[in-house]
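In our numbering, the protein residues as written are 79 to 207.
Take a look at the structure:
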């Protein structure tokens, strides 16, 4: 009878986690490292990436090999270019005045006040205001 009939549950596509144009980190299989890419297209449940560095290998990823970039907020750097700081000079273990000339990733390039050009790349642990 009619009591045996049930409405058919419509199979809904789950909302994709990422969309075309999103900037993401993608896991590169040969190095097992995460690199920045933009989602170029979707193919079923996979995503085709355009790597930021222009590489054309290993571009098709599932959601498990992608993560949103917002998750990975860069911590605010303790110092910025132009700041006067004390830097620890490795050979003497003493602190000398310098100006931060540039940042390279999590390191700082110093311009020593005395004009010395040695030992100019420091991490935050070797700097103080």
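Every residue, glycine too, gets a C-beta built ideally from N, C-alpha and C.
Item                                                                                                                                                       : Value
Below 8 Å on the Cβ atoms is my contact criterion, and I expect residue 117 with residue 131 to pass it. Report the Cβ-Cβ distance as a whole number of Å. : Wrong, their Cβ atoms sit about 16 Å apart, outside the cutoff.
Return the residue from the list 176, 165, 142 that minimises the CA-CA distance to residue 191.                                                           : 176
So who's on the other strand from residue 139, going by DSSP bridges?                                                                                      : 125
Let me check one thing: in DSSP terms, what residues is residue 114 bridge-paired to?                                                                      : 103
Just the C-alpha distance for residue 201 and residue 193, rounded to the nearest angstrom, thanks.                                                        : 20 Å
With respect to the beta strand (DSSP E) encompassing residue 178, which residues constitute its N-terminal and C-terminal limits?                         : 172-182
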